[in-house]
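Encoded as structure tokens, the structure appears first; notes follow it.
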Amino acid sequence: MSVTSNDLGRHTRTLPAWQVVILLLLIVGFIVNSIMLDNINSNRVEHIRATDDIQIKAQQLAQHAILAAAGDQASFDDLKIKRDSIATKINSLNDGDKDKRYPRVPVAANDSINTLNTSWFTIQSNVDKILDKQVLIQDMNAIYNKFASEIPLLQSKNNEVVNQLVVIKGDRELIKLAGEQQVLADRMLRRMGEVLKGGMAAVQASEDLASDTRRFSRVLNGMFNGDDTIKAVTDDTVLESLGQVYNIFSSLQGDIEEVMNAQELYEAQVATEDIGNDIPTFINKANDLSEVLKGIIPKFPSVEVQYALGGLSLLWLIVILFSMTKNDRKRAKVAQELNERNQLAILRLLDEMGSLADGDLTVNATVSEDITGAIAD
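If you count by my numbering, then the sequence shown holds residues 206 to 582, one letter each, in order.
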């Protein structure tokens, strides 16, 4: 059977459509996987950045809580800012961030985010207790500052009593008791500071402050009025100085009672201590969540799928190129055969026509399919 030009076009098409479709599908799959994988990695980066930020702000929050509980005004503002910032970050991990356009953490991290939520709920509640007691804490801090400024004045006037008793050669026991009052005044100042500071020592400090206050009052009243163990002072000059000590101490007694009766202050102190104890655990849980996020590897999209699609695309492209090369060779071979056939047909026709030209009328020119094909080509 002879080969025609139609056969050449039909049997040697350069690139079959189905091969192109497969290549396009592989390329589209590669692009889709790349985009999805990039989104997942971008979301992971944002989630991990949020957990890192939470850990840093948690450390700062613990410091602000201590300073706020001590009455520092600026620390109350800082404490509120850090609380709100951490809450916002945790909410973004739970519900996603619309502004930054990333979703909540993956389902695989649910256990870790839930434990972090539980820990944060406790800390946040304690922070709220401190913020709710801001006015009380600052009032107590103001009382302490007033107390601290008046104790030296109390000691100064009490020292006058001691010196005057020495000058008049007063009772030695009275001189001794008056000297002990100096020590009690110093201890009361220190005890009040410990009470306001909070912690485990605050309870004992409160009891000691009450004991020192009662003793100072008993000795002062005894020196005025006398009792079974203390002789009353009779010198007018000493009594005048004692009166000044009494007036100052009466003012300080009111401050002491106000501090010791501020039960709500104890709640804020306990809350501060609890925050200090809970923050390390909270930071560890935030770090655990970060590690879980780093270890989540989806089956699709994935780097493995990316490599597979990329490799298949490259392999299929090689197959297509090989097919195209094979078709080109086949086309060249068919074209060569067609040319040779056409040349033979034309030569044969020319020979027959030459015989006719020589006058040989017995020769019949043969117009075969080859000749008509050659003429058509």
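Virtual Cβ for every residue (Gly too), placed ideally from N, Cα, C. Because the structure is a prediction, the values reported are computed rather than measured.
Residue i: first and last residue of the uninterrupted alpha helix (DSSP H) it sits in
{"i": "R392", "result": "377–402"}
{"i": "G431", "result": "It is not in any alpha helix (DSSP H) - G431 carries neither H nor E in the DSSP assignment."}
{"i": "P221", "result": "Neither: P221 is in no alpha helix (DSSP H) and is coded neither H nor E."}
{"i": "K499", "result": "468–500"}
{"i": "T327", "result": "315–337"}
{"i": "D460", "result": "441–465"}
Exposure label - residue i; buried when at least 16 CB within 10 Å
{"i": "M206", "result": "Reliability of the predicted coordinates at M206 is poor, the pLDDT of 47 falling under 50, and no value is obtained from them."}
{"i": "L298", "result": "buried"}
{"i": "P221", "result": "exposed"}
{"i": "N331", "result": "buried"}
{"i": "R377", "result": "exposed"}
{"i": "T293", "result": "exposed"}
{"i": "N363", "result": "buried"}
{"i": "A313", "result": "exposed"}
{"i": "W223", "result": "exposed"}
{"i": "A347", "result": "exposed"}
{"i": "T418", "result": "buried"}
{"i": "L284", "result": "buried"}
{"i": "V310", "result": "buried"}
{"i": "A383", "result": "buried"}
{"i": "V237", "result": "exposed"}
{"i": "G431", "result": "exposed"}
{"i": "S354", "result": "exposed"}
Under 8 Å between C-beta atoms of residue i and residue j
{"i": "A185", "j": "I335", "result": "The structure shown has nothing for residue 185, since the chain only spans 206 to 582."}
{"i": "M428", "j": "A437", "result": "yes"}
{"i": "K338", "j": "L470", "result": "yes"}
{"i": "Q387", "j": "Q360", "result": "yes"}
{"i": "L231", "j": "S518", "result": "yes"}
{"i": "A407", "j": "V400", "result": "yes"}
{"i": "I480", "j": "A267", "result": "yes"}
{"i": "A467", "j": "A274", "result": "no"}
{"i": "F352", "j": "D460", "result": "yes"}
{"i": "M397", "j": "Y349", "result": "yes"}
{"i": "K262", "j": "I295", "result": "no"}
{"i": "S644", "j": "D493", "result": "This structure leaves residue 644 out entirely; the chain is present only between 206 and 582."}
{"i": "I453", "j": "L358", "result": "yes"}
{"i": "S495", "j": "D257", "result": "yes"}
{"i": "L498", "j": "R249", "result": "yes"}
CA nearest to the CA of residue i, picked from the options
{"i": "S239", "options": "A390, Q511, P485", "result": "Q511"}
{"i": "S446", "options": "V366, N296, Q329, S411", "result": "V366"}
{"i": "Q265", "options": "F487, V237, K535", "result": "F487"}
{"i": "S324", "options": "L517, N489, Q449", "result": "N489"}
{"i": "D289", "options": "N452, S317, A353, I259", "result": "I259"}
{"i": "G516", "options": "F235, W223, V225", "result": "F235"}
{"i": "G404", "options": "F281, E478, F326", "result": "E478"}
{"i": "I227", "options": "Q329, S354, V524", "result": "V524"}
{"i": "D282", "options": "I245, D302, V225, V340", "result": "V340"}
{"i": "I484", "options": "N315, R249, M241, N322", "result": "N322"}
{"i": "R306", "options": "I295, R553, E251, E355", "result": "E251"}
{"i": "A476", "options": "L552, I356, F326", "result": "F326"}
{"i": "A410", "options": "E496, L457, V464, N547", "result": "V464"}
{"i": "F421", "options": "D433, L457, L444", "result": "L457"}
{"i": "I373", "options": "W521, T439, R395, N547", "result": "T439"}
{"i": "D300", "options": "I551, A255, R553, V225", "result": "A255"}
Strand pairing of residue i, partner residues [DSSP]
{"i": "Y307", "result": "D302"}
Cβ-heavy atom distance, residue i to the ligand SAH, below 7 Å
{"i": "I461", "result": "Questions concerning the ligand SAH fall outside what the structure shown contains, since it holds no ligand whatsoever."}
Short CB-CB distance (under 8 Å) between residue i and chain B
{"i": "S239", "result": "The structure shown contains no chain B, having only a single protein chain."}
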